[in-house]
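One structure is given here, and the rest of the page talks about it.
Protein chains in written order, with the UniProt record's numbering: chain A, 1 to 463; chain B, 1 to 463.
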């Protein structure tokens, strides 16, 4: 970083919030993808006016700025791929308000999602988005990536809970979008344009979130299936039952094999799929709903259909799903983890095609995920130390993407594009739509400093 | 219209789809607001390539284009306030697909919303958005205005059901946004930027919509309250019950008075509010949920709590709410109808303040609406032939808007800004956000031909 830029940034940030020491540069070079791009410096964001000053200085000196929450993203969204500045927002972690009458919370971006959930629950309320990283990811990061989670099938994704934002533009202007109301149709929907924009348009400094009443009770149902197609049909039957499950998960044979070996679940080897369902709501109705869905699964060919009405039994049924992460590494030492989405009716077809790709490429591709919204976690397992397997594994990912697009699916349901999928999104996005996206990027960030080379390919990348 | 523009438009549209006859110019000068702005010509949209040609010609000749569905909007969104061309999309009314496996429908913009609902129901599916005009409004108009309705409290608004769009830009380029999947986080969310943009950014030519499973059963609960504040507290208790109602409506004393006189409902004159609730879902659970909510209302001070488990009884309970439109005119011959939103906890306070404004201005302001999401329909009743009352009534609307903004509310929850509220939105929107909105408008519509003077104030209006 040139000395003029460095001294402007130190002045803008406050010296105590600026570091370009070796340690910080290493620490903030990583995210959950395991890749490393050392930034030139790290600034700790402490309040909106300071962030405005930092961004204005960075714009003036053309220093890239990468906003960062917990760095738990799965698509490299917080990697400083162009160097520059990491703007660390993890310290802005105050829950400013939980209002039970208005059903809203106002929080800073660095609040850990699970902390918000607990604060809401203490007032009888509920913040539904629940990415797997809920205990360490931040609300700001969730909003930047539009994160989902298990409960999306019933409750939607982060976008559906962000009512209003305070954010800072790259030139230092502060803006407010939305209202603290459940509805508004005044003006263009900038709130939902910023949600999911992966920190490329503005830096969120305050979020107003919708809260729901807390469901009082929960029940879980699980079933095994001897045939993938039967399981997919049972998923459709559950969706058509008139009861909306709070989670509707699907685990394929390869994932079951891995988790069976890892956690000793004693599952029958002939099982081709497991379906896991949560229902939640008022105590009087939850047990009846769970029994009805158990019947739907049984009538749909489910074996070993099990029902859990208390938390301990439910945890037991969820053990297979929860052990999935570590269990995968029983199959191979390395993993390429993609979260594609297919139309709801294409579940079985997509998984069969993914397995065929694995066979062709000589790798296992255990696949599980949110059957209720067609969002599949595809895990290409391989040994990176074997150059040929390495090549085949990466080729398998490209094959999976091609297959997903062929059936009308999308390359990401909840992880985002980041830099990981940037080279692929041109195959999904309409060229005119992409031109408009680039125009929006230029409108918000004419200097192009904010999280460059993320979310939307810019012409120099396409070239 | 100058002859060159006229002949270019005729060539683009096809002569059989172009009219500048007196009758058509009168017919398409109106919408549901009752205001009249005659366009210079009307073009019948028939397919995407023709619309692309028409828009390109209009851009070239700087002719304003106002897309129009059924003209049932409440904010003047389809009024050709600058003259130019009305682009009538009502004839593009084909339901192209209802897919029960993928849970999506693909429709043209001119499809009547209730027709889509019936087509979905015939396949066991459900399209939730239900504006009061559902039997004559169009899906394209609903998407342009991001319409809501009674069921928004449980099911959300039109925005939550639009998965993907085909649309034409003012320069004639065709774009596709979104995917036919329940989730996607690839690229900026242009779909939700276009939804609610009131036809000012692009003309929607095809919509891919999310469908839900059809709830099999429904039940209704109603209660009267002798005090507004008690009723508002009961609404909060319902929202916190763990059961999400499919409708949660509120009717104030002045509305009850009007409807009582009009429909002879025999309501006790001391009633200050009525609360009406629908629950829907699986048959086994709906009756239990309705009974539980009846208990919640009773324990919250509700009188004459009634429960209806069959459609005929339910219709009887809904009679007061459904008679509201015509009943209002028992109070005065003219109505200014505004759909403001307040934070959920401000319901009683807002209605008290609105009544006080009415008293001060010498007009009745019956108020009812969607208590479950804070969206109130405020009806300023007055006699337009009395100049002083006319003035006071319009002043009352301004007072109501000021009051709504003071408690953190929004000037429109489902009707949109159109041209009706254009002069007011500067008081709600953040100035930096408004600048960005104007930038987005310029990006999509550099010639400024598409539905000018709607949704977002442009500098010449503010000046």
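From the three backbone atoms N, C-alpha and C, an ideal C-beta is built for every residue, glycine too.
Nothing here was measured: the structure is a model prediction, and the numbers come from that model.
- DSSP places residue 377/A in no alpha helix (DSSP H) but in the uninterrupted beta strand (DSSP E) bounded by 375-382.
- Judged by beta-carbon spacing, residue 282/B lies within the 7 Å limit of residue 216/B, meaning their Cβ atoms are closer than that value.
- For residue 269/A, the secondary structure class from DSSP, reduced to helix, strand or coil, is coil.
- The continuous beta strand (DSSP E) containing residue 44/B extends over residues 41-44.
- Among the CB atoms of chain B, none fall inside 7 Å of the CB of residue 316/A.
- By the CB criterion at 7 Å, residue 74/B and residue 415/B fall inside the cutoff.
- Ranked by how close their Cα comes to the Cα of residue 341/A, the residues 334/A, 365/A, 374/A, 135/A have 374/A in first place.
- Contact check between the region 216-236 of chain B and the region 327-339 of chain B: fewer than three CB pairs, one atom from each, fall below 8 Å, which does not count as touching.
- Non-local beta-carbon contacts of residue 362/A in its own chain, meaning distances under 6 Å to residues more than five positions away in sequence, involve 392 in chain order.
- By the C-beta density criterion, residue 160/A is buried, having at least 16 other C-beta atoms within 10 angstroms.
- Counting only runs of 4 or more residues that sit fully inside the region 49-128 of chain B, the alpha helix (DSSP H) segments are 113-122, in chain order.
- Taking the Cα of residue 42/B as reference, the smallest distance to any Cα among 410/B, 91/B, 33/B is reached at 91/B.
- The three-state reading of DSSP puts residue 142/B in helix, counting H, G and I together.
- Interface criterion not met: the Cβ of residue 406/A is under 7 Å from no Cβ in chain B.
- Taking 8 Å as the Cβ-Cβ cut-off, the region 162-190 of chain B approaches chain A at 169, 173, 174, 175, 176, 177, 179, 180, 181, 182, 183, 184, 185, 186, 187, 188, 189, 190, given in chain order.
- Beta-carbon to beta-carbon, residue 427/A and residue 405/A are separated by about 6 Å, close enough to satisfy the 8 Å threshold.
- With fewer than 16 other beta carbons inside 10 angstroms of its own, residue 3/A counts as exposed.
- Beta-bridge partners assigned by DSSP to residue 167/A: 175/A, 204/A.
- A straight line joining the alpha-carbon of residue 384/A with that of residue 125/B spans about 47 Å.
- At a cut-off of 7 Å, the C-beta of residue 275/B has no neighbouring C-beta in chain A.
- In the structure shown, residue 253/B adopts helical secondary structure according to DSSP, grouped into three states.
- Between the region 197-206 of chain A and the region 164-173 of chain A, the count of C-beta pairs closer than 8 Å reaches three or more; the two stretches touch.
- The residues 67, 144, 451, in chain order, have a CB closer than 6 Å to that of residue 199/A in the same chain once the five nearest residues on each side in sequence are set aside.
- Two segments are said to touch when three or more pairs of C-beta atoms, one from each, lie closer than 8 Å; by this definition the region 434-449 of chain B touches the region 435-442 of chain A.
- Nearest to residue 158/B by C-alpha distance, out of 195/B, 425/B, 364/B, 235/B, is 195/B.
- For residue 437/A, the secondary structure class from DSSP, reduced to helix, strand or coil, is helix.
- Residues of the region 434-451 of chain A with a C-beta less than 9 Å from any C-beta of chain B: 434, 435, 436, 437, 439, 440, 441, 442, 443, 444, listed in chain order.
- The beta carbon of residue 337/B does not come within 7 Å of any beta carbon belonging to chain A, so the residue lies off that interface.
- Straight across, the Cα-Cα distance linking residue 26/A with residue 58/A is about 21 Å.
- DSSP places residue 401/B within a helical segment (H, G or I) once states are collapsed to three.
- For residue 223/B, the CB contacts under 6 Å within the same chain, skipping 5 residues up- and downstream, are 275, 297, 302, 305 in chain order.
- Rounded to the nearest whole angstrom, the C-alpha separation of residue 394/A and residue 79/A is 20 Å.
- Among the residues of chain A, none has a CB under 7 Å from the CB of residue 354/B; the nearest is roughly 16 Å distant.
- When Cβ pairs closer than 8 Å are counted between the two stretches, the region 87-106 of chain A is seen to touch the region 41-56 of chain A, the count reaching three or more.
- Take the alpha-carbon of residue 444/B and the one of residue 135/A: they are about 41 Å apart.
- Scanning its chain for C-beta atoms nearer than 7 Å, with the 5 sequence neighbours on each side dropped, one finds around residue 61/B the residues 4, 5, 8, in chain order.
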